[in-house]
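Residue numbers (this note's numbering), protein chains in the order written: chain R, 1 to 286; chain L, 287 to 924.
Take a look at the structure below.
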Amino acid sequence: MINFINWVQQKSWRHLVGVLCCFFAIFPLYLVVTASFSSNQSLQSTSFIPTSFVWDNYQLLFTDPKVPFLKWMQNSAMIAASVSLLSVLIGAASAFAFSRLRFKGKRVGLQSLLLVQMFPSVLALSAIYVIMERVYVFAPEWGLGTLGGLVLVYLGGSMGVNIWLMKGFVDSIPLELDEAAKVDGASAMQTYWQIFVPLASPILAVVTLLSFIGLFNEFIMARLFLPENEQRTVAVGLQGFIGGQYAQNWGPFAAGSLLASIPIIVVFMSLQRYIIGGLTAGSVKG
Amino acid sequence: MRILKGNIWAVIAKIIFVSLAMVTLGYLMMAAFGTGDTNIAIFLAVCILLLAFTYFTNLSVPLKFFAPGLMFLGAFVIVPVVFTLSMAGFKYQTGNMLSKEDALSTIIDQGNTTDPDGTSFEVVIGHVGKKQSDVAVIIRIPREDESQVGSALVFDSRLGYYGSDKNNIAVLVSDVYEEGSYPFFISTASELVVLTEEDVEYDDNFVAFKAPGFTQFSEAESDAVVEKLPSIRFKYTDPYFLKVDPPVNGNYMASVNQAEVNYSYFISSKSDYYPIDEKDVVVDDLGQAIGAKNFTKYTSDQISTFADKIGNIRLKYAEPYYVGIENLPSGGNPFGWAIVKIQNITYDKKTDKVTDILTGATYTDDGRGNYRNPENKDDYLDPGWRQGIWFENFTSLVTDPRIRDPLVSVFIWTIVFAVSTVITQFALGLLVAIAMDKKLRGRGIYRSLMILPYAMPSIMSILIWGGMLDRNGAINSLLGWDVSWLQDPFMAKISVLLVNLWLGFPYFYLICSGSLQAIPKELAESASIDGANARQIFRLITLPLLLRMLTPLLIASFAFNFNNFNIIYLLTGGGPKPELDSLAGATDILISYTYKLAFDTTIQNYGLASAISVVIFVIVASISMYGIRKSKVLDDFA
């Protein structure tokens with residue numbers, strides 16, 4: 001009995017908070033799941049228990065020639081994978097140099113890098129658009145309307161965007177190691193490739209994943225730069241289902257969103273220990 | 287540590303890799319030069335030099351790490367940002383997008399119009415002489431030949447005017463031999479007045495010289511109009527008309543004529559416009575020219591190469607007109623369509639004046655990016671150009687009420703939005719973190735479920751929330767409510783905050799729970815020994831410590847949300863709008879408002895949008911810099 005009173009005092013409110021917040025967190029996701037199996041094309045449901053169960057929405061994604069869902073997924077995956085890999089390489093090198101090398105103007109350089117990143121990039125869109133339009137004229141495979149061109153544009157941010165996450169990575173490598181390498185006559189480049197990168201590869205993988213998710217989420221540029229249906233990324237393609245003012249097909253949108261999100265959620269969940277470690281290591285240091 | 291000593295393979299790999307990159311860039315540079323994109327070509331050349339200096343010399347070790355990132359940063363961040371920033375000093379909006387030269391050449395290119403009669407021809411298109419590039423068309427111009435009907439239908443007449451207007455030249459005709467329908471009549475270019483014998487006075491030869499309304503010219507008056515006579519067709523029964531010949535001994539003879547349409551043929555080429563003899567022209571059944579001497583018709587393959595040049599072809603015609611080809615032959619139709627045009631807009635480089643020779647209006651540079659008619663301020667030429675106007679875009683943010691008023695309300699909401707978002711996300715995250723701080727059955731499950739919103743791609747979740755909050759969406763139908771979540775200005779703001787809370791609280795939960803563990807347990811313990819209760823411990827120890835640790839993150843989150851374009855754009859689109867035509871909606875934050883200003887309206891004002899983005903930039907940058915200074919994060923790097 002005392003135990004129970006104790007439980008009520010100590011634990012019950014914690015469970016209450018937990019249950020309520022979990023409900024808040026998963027309610028929209030639950031709706032997506034039910035909508036994806038529903039024959040109703042709206043996000044309307046009058047009860048929590050699904051009233052119908054059909055595979056039509058999924059079928060549509062894989063059979064309708066106007067909805068090249070697999071192609072969209074492939075585009076998203078290719079863009080996100082290549083950009084996140086390259087940008088982590090570039091970003092890690094920059095973070096390493098900023099952290100371990102001595103050179104003039106380091107502080108100024110770092111500050112200006114951070115400042116430039118703070119410009120509301122959405123507004124520089126038109127300038128980027130004009131540049132890529134010109135690039136298309138002389139190098140059609142890298143210009144406007146190509147996946148390659150979009151990759152290039154995304155890479156513009158590779159030096160600055162991940163620098164905060166990279167900080168955690170650089171901090172986690174003991175300084176003694178590269179001093180030892182230096183004594184052995186290693187150049188900075190060798191130290192980077194042969195000591196830092198192998199040691200930090202798990203963390204680098206996490207940063208790659210986070211930047212992969214971030215790219216998967218990118219919408220504005222992808223929509224502007226890839227107008228062809230076949231070239232769309234999955235976010236832009238799916239948005240087409242519900243973007244129309246009068247025809248909103250929530251069923252296929254929900255099904256597509258689920259299929260696109262599940263791989264990411266699974267990877268995220270399985271790596272959550274590292275991700276959270278990285279987040280807190282990067283930020284929480286009194 | 288053998289691997290660290292001069293690894294030959296690493297050197298070879300480096301050389302191959304860098305050379306490949308340089309060759310690629312070099313190839314692109316040549317291509318860019320080829321298409322006239324000199325700026326891009328120069329940028330690529332700088333990149334190549336940078337690569338060469340960085341990786342084939344030992345001038346700077348840090349640069350070896352920065353070079354690739356710097357190249358991308360320069361091309362796709364710095365250049366666009368600098369360009370956008372510099373546009374804040376320009377009048378740069380729809381209608382004023384080009385450089386002055388481009389605007390002028392567009393004005394000149396478009397500065398032509400059809401001739402007043404709208405003359406056009408069906409033409410065959412080909413070339414003259416041997417050179418295929420000497421484009422030419424054969425033009426058929428109808429001409430009316432007049433021919434006398436028979437030889438006897440000639441009347442004696444007197445020259446004068448009809449009515450009171452002396453310019454209304456008329457002849458008083460007498461059909462002495464009664465060969466026509468009526469004995470006496472007055473004829474002008476537009477009228478035929480039949481008279482009877484009683485109406486007129488006639489002389490001995492039955493030639494009338496006086497009739498009502500008709501006044502005979504004196505000899506001097508006759509001499510003055512006599513040269514006009516050949517061009518006047520005096521009325522007679524259609525389709526015939528009268529021609530009056532010059533007088534013989536003061537006697538005028540009017541002959542009955544009819545018109546006959548005949549054709550003249552001309553060749554109109556880039557360099558010349560000349561008539562061709564009828565016998566040198568090949569015509570079809572309808573008299574349409576299909577060929578001529580010294581003229582070769584293009585084959586359909588040759589024609590198709592014109593498709594994109596068609597607008598630029600100008601062929602000679604009677605000055606100041608020219609012939610433009612409007613349509614190419616297509617399908618089974620062998621003829622194209624040519625229109626007579628005139629270049630009515632001309633430019634004088636010395637005075638920098640544009641003149642419309644048809645209206646006589648002149649246009650001068652108004653210093654505001656347009657050629658404007660100084661006599662009529664509303665009359666200007668389109669397009670205009672980007673005109674430097676210094677700080678006008680900035681001052682108009684403050685002085686122009688049409689710009690200032692929406693901006694102020696948007697700015698206030700941006701602050702409210704960013705602050706409330708940070709507070710609500712942090713508060714809920716902290717609450718959950720505290721709740722989960724103790725060992726708890728099912729904590730792992732709670733945690734996994736609660737970080738789902740963080741793991742889910744936010745694009746999808748924002749859109750889904752948009753559907754749920756729709757008037758007919760899940761929330762209303764499940765709760766049986768009828769709330770305009772996204773249509774009512776106040777509820778829309780609440781909805782944005784709610785959705786953003788959903789998106790962001792898991793992150794703060796993770797951060798807070800990490801930080802809570804970093805707070806030494808001894809502090810709380812010693813406080814509780816001193817008699818502090820749980821609430822006091824939280825308020826006086828945990829929270830202040832936590833806030834101190836997390837200030838930089840809170841500031842970063844504020845800066846992020848200050849520019850959180852996606853949630854506004856995808857959830858409400860900035861709406862609802864207070865009025866149908868207003869640009870700023872109730873939930874528009876600065877960045878979404880600026881985006882609309884630059885891209886989403888009919889009059890896109892890049893200049894103004896750039897000015898606002900400079901303001902946004904200054905605000906966000908100073909807040910973030912303050913946060914960075916405070917957190918001493920830079921010291922860790924330095």
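Ideal placement from N, C-alpha and C gives every residue a C-beta, glycine not left out.
**Message:** When you compare the CB of N57 of chain R with every CB in chain L, is at least one pair closer than 8 angstroms?
**Reply:** Residue 57 of chain R sits at position 57 when you count from the first residue of the first sequence. No - not a single Cβ of chain L is within 8 angstroms of the one on N57 of chain R.
**Prompt:** For L714 of chain L, which option in L:L789, L:S476 and L:M777 has the closest C-alpha, if you only look at C-alpha atoms?
**Reply:** The count along the second sequence starts at 1 and reaches residue 714 of chain L at position 428. Selection L:L789, L:S476 and L:M777 evaluated against L714 of chain L yields L:L789 as nearest (Cα-Cα).
**Request:** Count the other CB atoms, across all protein chains shown, that sit within 10 Å of the CB of V261 of chain R; report buried if there are 16 or more and exposed otherwise.
**Result:** Within the first sequence, the letter at position 261 stands for residue 261 of chain R. The sequence shown places Ser at residue 261 of chain R, rather than the Val named in the question. By the neighbour-count definition (other C-beta atoms within 10 Å, threshold 16), S261 of chain R is a buried residue.
**Prompt:** DSSP state of P348 of chain L, grouped into three classes?
**Reply:** Here residue 348 of chain L is taken as the residue at index 62 of the second sequence, counted from 1. In this structure, P348 of chain L counts as helix in the three-state DSSP scheme.
**Message:** If the criterion is Cβ atoms closer than 8 angstroms, does the pair S121 of chain R and A884 of chain L meet it?
**Reply:** The residue labelled residue 121 of chain R in the question sits at position 121 within the first sequence. The residue labelled residue 884 of chain L in the question sits at position 598 within the second sequence. No.
**Asked** What's the gap between the Cα of L271 of chain R and the Cα of L209 of chain R?
**Response** Mapped onto the first sequence, residue 271 of chain R falls at position 271. Mapped onto the first sequence, residue 209 of chain R falls at position 209. Taken atom to atom, the span from the alpha-carbon of L271 of chain R to that of L209 of chain R is near 9 angstroms.
**Item:** Residue-chain proximity (I289 of chain L, chain R), Cβ-Cβ < 8 angstroms
**Value:** Numbered from 1 along the second sequence, position 3 holds the residue referred to as residue 289 of chain L. Since pLDDT at I289 of chain L reaches only 43, below the 50 mark, its modelled position is unreliable, and the value read off the structure follows with that caveat. I289 of chain L counts as touching chain R.
**Asked** So is L306 of chain L buried or exposed if we call it buried at 16+ other beta carbons inside 10 Å?
**Response** Stepping through the second sequence from its first residue, residue 306 of chain L is reached at position 20. Looking at its Cβ environment, which holds fewer than 16 other Cβ atoms inside 10 Å, L306 of chain L is exposed.
**Prompt:** When DSSP labels each residue in this structure, what does R688 of chain L get in the three-state scheme?
**Reply:** For the purposes of this step, residue 688 of chain L is taken as residue 402 along the second sequence, with counting starting at 1. Helix at R688 of chain L.
**D418 of chain L (DSSP reduced to helix, strand or coil)** = Residue numbering aside, residue 418 of chain L sits at position 132 when the second sequence is read from its first letter. Going by the sequence as given, residue 418 of chain L is Gln instead of Asp. Correct three-state label for Q418 of chain L: coil.
**V284 of chain R to K863 of chain L span [Cα, whole Å]** = One-based indexing of the first sequence puts residue 284 of chain R at position 284. One-based indexing of the second sequence puts residue 863 of chain L at position 577. Because V284 of chain R carries a pLDDT of 40, less than 50, the predicted location of this residue cannot be relied on, and no value is offered for it.
**Request:** Can you say whether A338 of chain L is buried or exposed, counting buried as having 16 or more other CB atoms within 10 angstroms of its CB?
**Result:** On the second sequence, residue 338 of chain L is found 52 positions in, with the first residue counted as 1. The residue in question, A338 of chain L, is exposed, as its Cβ has fewer than 16 Cβ neighbours within 10 Å.
**Asked** Given I909 of chain L, which residues of its chain have a CB within under 7 angstroms of its CB, disregarding the five upstream and five downstream residues?
**Response** To locate residue 909 of chain L, count along the second sequence from 1; it is residue 623. Beyond the five residues adjoining it in sequence on each side, I909 of chain L comes within less than 7 angstroms, by CB distance, of I841, F844 and A845 in the same chain, given in chain order.
**Request:** Give the straight-line distance between the Cα atoms of K521 of chain L and G446 of chain L, rounded to the nearest whole angstrom.
**Result:** For the purposes of this step, residue 521 of chain L is taken as residue 235 along the second sequence, with counting starting at 1. For the purposes of this step, residue 446 of chain L is taken as residue 160 along the second sequence, with counting starting at 1. The alpha-carbon atoms of K521 of chain L and G446 of chain L are separated by roughly 15 angstroms.
**Message:** Need the endpoints of the beta strand (DSSP E) that S541 of chain L sits in, please.
**Reply:** For this step, residue 541 of chain L is matched to residue 255 along the second sequence. From DSSP, the beta strand (DSSP E) with S541 of chain L extends over Y538 to S555.
**Asked** What residue ranges within the stretch 92-161 of chain R form continuous beta strand (DSSP E) runs of no fewer than 3 residues, ordered along the chain?
**Response** The stretch 92-161 of chain R contains no whole beta strand (DSSP E) run of 3 or more residues.
**Request:** Would you mind reading off the limits of the beta strand (DSSP E) that contains S443 of chain L?
**Result:** Counted from its first residue, the second sequence places residue 443 of chain L at position 157. In the DSSP assignment, S443 of chain L falls within the unbroken beta strand (DSSP E) covering V440 to Y448.
**Message:** Give me the residue from L:D524, L:E505 and L:S554 with the minimum Cα distance to N537 of chain L.
**Reply:** Counted from its first residue, the second sequence places residue 537 of chain L at position 251. Ranking L:D524, L:E505 and L:S554 by Cα distance to N537 of chain L puts L:E505 first.
**Request:** Inspect the beta-carbon positions of F219 of chain R and I425 of chain L and report whether they are closer than 8 angstroms.
**Result:** Position 219 of the first sequence holds residue 219 of chain R. Position 139 of the second sequence holds residue 425 of chain L. For F219 of chain R and I425 of chain L, no; Cβs fall outside 8 angstroms.
**Item:** Delimiting residues of the alpha helix (DSSP H) encompassing R727 of chain L
**Value:** Within the second sequence, residue 727 of chain L is the residue found at index 441, counting from 1. Counted as a single uninterrupted DSSP element, the stretch harbouring R727 of chain L is not any alpha helix (DSSP H), since DSSP gives it neither H nor E.
**Unbroken alpha helix (DSSP H) run spanning T788 of chain L, endpoints** = Against the second sequence, residue 788 of chain L aligns to sequence position 502. Contrary to the premise, residue 788 of chain L reads as Trp rather than Thr in this sequence. Here the alpha helix (DSSP H) through W788 of chain L covers P775 to A804.
**Item:** Cutoff 8 angstroms: W771 of chain L Cβ touching any chain R Cβ
**Value:** Here residue 771 of chain L is taken as the residue at index 485 of the second sequence, counted from 1. It does not: the Cβ of W771 of chain L has no partner Cβ on chain R nearer than 8 angstroms.
**Asked** For W676 of chain L and chain R, any beta-carbon pair shorter than 8 angstroms?
**Response** As a working note, residue 676 of chain L is residue 390 in the second sequence. No, W676 of chain L lies away from the interface with chain R (no Cβ there is under 8 angstroms from its Cβ).
**Item:** Listed by chain order, chain R residues near M308 of chain L by CB distance under 7 angstroms
**Value:** Position 22 of the second sequence, counted from the first residue, corresponds to residue 308 of chain L. In chain order: nothing, as chain R lies at least about 16 angstroms away.
**Asked** Quick one: what does DSSP say P202 of chain R is sitting in, helix, strand or coil?
**Response** Within the first sequence, residue 202 of chain R is the residue found at index 202, counting from 1. Of the three classes helix, strand and coil, the one that applies to P202 of chain R here is helix, per DSSP.
**Prompt:** Do we get a CB-CB distance below 8 angstroms when we pair S744 of chain L with the residues of chain R?
**Reply:** Taking the first residue of the second sequence as 1, we reach residue 744 of chain L at position 458. Under the Cβ distance rule, S744 of chain L counts among the residues neighbouring chain R, one pair being separated by less than 8 angstroms.
**Asked** Can you give the Cα-Cα distance for F824 of chain L and S801 of chain L, rounded to whole angstroms?
**Response** Locating residue 824 of chain L in the second sequence gives position 538, where the first residue counts as 1. Locating residue 801 of chain L in the second sequence gives position 515, where the first residue counts as 1. If you take the alpha carbons of F824 of chain L and S801 of chain L, they lie about 14 angstroms apart.
**Item:** Stretch pair the stretch 404-421 of chain L + the stretch 617-636 of chain L: three plus CB contacts closer than 8 angstroms
**Value:** Contact holds: three or more Cβ-Cβ distances are below 8 angstroms.
**Asked** Are the stretch 109-121 of chain R and the stretch 358-377 of chain L in contact at 8 angstroms, needing three or more beta carbon pairs?
**Response** In short, these stretches touch, since the Cβ pair count reaches three.
**Asked** Do the stretch 734-745 of chain L and the stretch 812-826 of chain L touch if we need at least three Cβ pairs shorter than 8 angstroms?
**Response** With a cut-off of 8 angstroms, the stretch 812-826 of chain L and the stretch 734-745 of chain L do not count as touching, because too few Cβ pairs lie within range.
**Cβ-Cβ separation, Y795 of chain L to A719 of chain L (assumed contact under 8 angstroms), whole Å** = By 1-based counting over the second sequence, the position of residue 719 of chain L is 433. By 1-based counting over the second sequence, the position of residue 795 of chain L is 509. Distance from A719 of chain L to Y795 of chain L at the Cβ level is roughly 5 angstroms; contact confirmed, criterion being Cβ atoms closer than 8 angstroms.
**Request:** Taking the CB atoms as reference points, tell me whether I902 of chain L and N849 of chain L lie closer together than 8 angstroms.
**Result:** On the second sequence, position 616 is the one that residue 902 of chain L refers to. On the second sequence, position 563 is the one that residue 849 of chain L refers to. Yes, they are a contact pair.
**Prompt:** Enumerated in chain order, which unbroken segments of the alpha helix (DSSP H) with a length of 4 residues or greater are wholly contained in the stretch 826-891 of chain L?
**Reply:** Runs found: 829-848, 851-857 and 876-881.
**Prompt:** Going by C-alpha distance, which of R:L110, R:N57, R:P198 and R:A254 is nearest I163 of chain R?
**Reply:** Translated into the one-based positions of the first sequence, residue 163 of chain R becomes position 163. The option with the nearest alpha carbon to I163 of chain R is R:L110.
**Request:** Give the C-beta separation of G752 of chain L and L856 of chain L to the nearest angstrom, bearing in mind that I take them to be a contact with Cβ-Cβ under 8 angstroms.
**Result:** Start at 1 with the first residue of the second sequence, and residue 752 of chain L comes out as number 466. Start at 1 with the first residue of the second sequence, and residue 856 of chain L comes out as number 570. Contact flag correct, Cβ pair sits at about 7 angstroms.
**Asked** Using the rule of at least 16 other Cβ atoms within 10 Å of the residue's Cβ for burial, across every protein chain shown, is G674 of chain L buried or exposed?
**Response** The count along the second sequence starts at 1 and reaches residue 674 of chain L at position 388. Exposed is the label assigned to G674 of chain L, since fewer than 16 other Cβ atoms lie within 10 Å of its Cβ.
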